C-alpha cells in the first residue's frame, strides 16, 4: 500500500482530503496506516458504523493476522488504523466542485458496505458488492441483499461507469454481476421450494443459462462454485422459513 500511496503522490498534485473504507475486510482497510503516515494523522477516514465497530474490534485483528498469513509475512507490522468518521446512506461529502454521495441498502457483501457515487462524473465505486469476472467472498453477505443493493444503485444513480473493489471498471458491471447472482441463487431457491437437497440445487445452478454464460469468464469458478452454491442454498432455506 505504501507503493500505491507513493504512486498517488507522484501522479496527482492534490493530496487526499479524505479516505473511505467500503467495508471491514482487511484488503479494504489495512492500507489506512500508509495514508495517515503519508498525509497526516488528521486525515478523515470514513466507514459505515458497522464497519468501524468491526475494524476496531476482534474482526480487525483477525483480518490483520489473516492478511499476514496470506502474504507470507509481507504485511507483518501493519498497524490497525480505525476509521474516524461514520458514513451512512445519503450522506454527502463535497470537496470543491466534487460531490460524493454514500449509498447503503442493507446487507450485501457485508452488513456494512458503503458504495460511493461521484455525482459529477456519473461514477459509482461499489466496493466488493460487485466484482468484475469474479465473485466476492459471500460468508458475511447475502445474495438477495446484493441483488437489492445493485438494483437500488442502478435506480438511485445516473452512473455510466461502475468501479469494483477488484477488477476493471465497466459500464455493464452491475448488470453482469446481477445476472450471475440470479443464476446462482434462484435455482437454489427453486430447489428448496421443491424439497430438494443441495446436490440437486448444484445441478440446477450448473444448468442455468445465466451461469453457463458467465462461469467461463469468472476467476476461481471451479474451486469456489461449491461454496457459492452452499451459501446460496442456506440463504434460500432461511428465507423459506
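Numbering (our numbering), first residue to last: 87 to 327. Ideal Cβ positions, reconstructed from N, Cα and C, are used throughout, including at glycine. Bear in mind the structure is a predicted one, so any value in this text is a computation, not a measurement.
Member of 127, 135 and 166 whose CA lies at the smallest distance from the CA of residue 146: Within the chain shown, numbered from 1, the residue matching residue 146 stands at position 60. Selected option, being the one with the closest Cα: 166.
Beta carbon of residue 102 nearer than 8 Å to that of residue 136: In the chain shown, counting from the first residue as 1, residue 102 sits at position 16. In the chain shown, counting from the first residue as 1, residue 136 sits at position 50. No.
Where residue 232 falls, given that 16 or more other Cβ within 10 Å makes a residue buried: One-based indexing of the chain shown puts residue 232 at position 146. The residue is buried, with at least 16 neighbouring Cβ atoms inside 10 Å.
Burial state of residue 156 (16 or more Cβ within 10 Å): Translated into positions along the chain shown, residue 156 becomes position 70. Its Cβ having fewer than 16 others within 10 Å, residue 156 is exposed.
Delimiting residues of the beta strand (DSSP E) encompassing residue 200: Here residue 200 is taken as the residue at index 114 of the chain shown, counted from 1. In the DSSP assignment, residue 200 falls outside any beta strand (DSSP E), carrying neither H nor E.
Length of the line joining the Cα atoms of residue 258 and residue 176: Along the chain shown, one-based indexing puts residue 258 at 172. Along the chain shown, one-based indexing puts residue 176 at 90. Rounded to the nearest angstrom, the two C-alpha atoms are 24 Å apart.
Closer than 7 Å: residue 163 CB and nearest the ligand ADP heavy atom: Here there are no bound small molecules, and the ligand ADP is not part of this structure.
Straight-line gap, residue 188 to residue 122 (C-alpha atoms, nearest Å): By one-based count along the chain shown, residue 188 stands at place 102. By one-based count along the chain shown, residue 122 stands at place 36. Distance between the alpha carbons of residue 188 and residue 122: 22 Å.
Cβ neighbour criterion (16 or more within 10 Å) applied to residue 112: Looking up residue 112 in the chain shown gives position 26. When all chains shown are included, residue 112 counts as buried.
Inter-residue Cα distance where the pair is residue 265 and residue 303: For the purposes of this step, residue 265 is taken as the residue at position 179 of the chain shown. For the purposes of this step, residue 303 is taken as the residue at position 217 of the chain shown. Their backbone Cα atoms lie some 13 Å apart in a straight line.
Residue 156 - partner residues in DSSP beta bridges: Here residue 156 is taken as the residue at index 70 of the chain shown, counted from 1. Residue pairing by DSSP places residue 156 in no beta bridge whatsoever.
Rounded Cβ spacing between residue 173 and residue 110 (contact assumed at less than 8 Å): Translated into positions along the chain shown, residue 173 becomes position 87. Translated into positions along the chain shown, residue 110 becomes position 24. Going by Cβ atoms, the distance from residue 173 to residue 110 rounds to 12 Å, so no, they are not a contact pair.
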